[in-house]
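Enquirer: Before I ask anything, here is the structure I am working with.
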Amino acid sequence: VGTAVVAARAGIIVAVQESSQTGGMDSAYEKDGNHIIILHDDNTFSIYAHLKYKGSVVKVGDIVRAGSVVGYSGNTGMSSGPHLHFEVYKVAHLNEGSRNSSILTRFLNDDGKAVVPEEGVWYYSTHPGKGSYEVVLGRNYKDEHFLNFKETVPTDNDFKIETKTVDNTVLIFARNGFDKIKELTFEFSEIINMKPSKPLPHVQRIPANSKVYIMLMRPDRGKGKWQYRYKYKVR
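Pasting the structure below:
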């Protein structure tokens, strides 16, 4: 909350709402999102939504340039957490049943190239003039990256599965807190719209006092909701 939001393009401010202090996941909050709407010279509009309370620094009628700060991020309206909802759209004609139509928008990717985001894919944005950053994307991970992964753990006579989620890629590890080798049989009791990187059931010997990599899995793109539940045996 409170990150500066800048205009993507030049235009004139045609709407500002900044009085809301409420937000949540329920659709009842849908109209409570603070927002700013900018009209551009090609008759398209851009909206910057879910801004914080009193989070606008512009008023209706102001002319803004691309890169000008217009407000500050927040969590108002129908929102699961602080973020910016940005959308470019055309206003529909006044025909019965017509709706505003959003326009595909390109963003600068971490490599500086303009891309149209795809559903289910994670991206890093590039902001000209800002500092560099490390790019860590789950979709780039492969089993080979973890062939030599091994951490020493203390003897606590406990064996467990641990997971780490990098965007929507799930990395799965086995932690053996015994002072002897354990044989793990790992599989899923439920897996929906996801693909594991190794055949199942997966059998692997886990060294004593060690945490090692097992496999990864990620959602099937375009398949919607995904979830999983694993089970395992150790001997």
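Count the sequence shown with my numbering and you get residues 1056 to 1290, in order.
We put the beta carbon where it would ideally sit given N, CA and C, even for glycine.
How long is the line joining the alpha carbons of THR1224 and ASP1198, rounded to whole angstroms?
Expert: Distance between the alpha carbons of THR1224 and ASP1198: 12 Å.
Enquirer: Would you identify the three-state DSSP class for GLU1238, choosing helix, strand or coil?
Expert: GLU1238 falls in the strand class under three-state DSSP.
Enquirer: Less than 8 Å between the C-beta atoms of HIS1090 and TYR1103, yes or no?
Expert: Yes, Cβ-Cβ distance for HIS1090 and TYR1103 is below 8 Å.
Enquirer: Using DSSP bridges, identify the partner residues of SER1082.
Expert: DSSP output for SER1082 lists no bridge partner at all.
Enquirer: Determine the direct distance from the alpha carbon of GLY1116 to that of LYS1280, and round the result to whole angstroms.
Expert: Roughly 42 Å separates the two Cα atoms.
Enquirer: If you draw a straight line from the C-alpha of ASN1195 to the C-alpha of TRP1177, how long is it?
Expert: Rounded to whole angstroms, ASN1195 to TRP1177 spans 11 Å at the Cα level.
Enquirer: Using the three-state DSSP reduction, which class does GLU1189 fall into: helix, strand or coil?
Expert: DSSP places GLU1189 in coil when its eight states are reduced to three.
Enquirer: To the nearest angstrom, how far is it from the Cα of GLY1175 to the Cα of LEU1106?
Expert: Roughly 24 Å between the two C-alpha positions.
Enquirer: Work out the CA separation of ILE1158 and GLU1151 for me, nearest whole Å.
Expert: Note that GLU1151 scores a pLDDT of 47, beneath 50, so its modelled location is shaky; the value from the coordinates is reported in the next line. Using only the alpha carbons, I get a separation of about 21 Å.
Enquirer: Assign LEU1202 to one of two classes, buried (16 or more other C-beta atoms within 10 Å of its C-beta) or exposed (fewer than that).
Expert: Answer is exposed; the Cβ neighbour count stays below 16.
Enquirer: Return helix, strand or coil for HIS1105, following the three-state DSSP convention.
Expert: It is a strand residue.
Enquirer: Assuming TYR1283 contacts PHE1243 under a Cβ cut-off of 8 Å, what Cβ separation, rounded to an integer in Å, is found between them?
Expert: Between PHE1243 and TYR1283 the Cβ distance is about 6 Å, and since that is below 8 Å, they are a contact.
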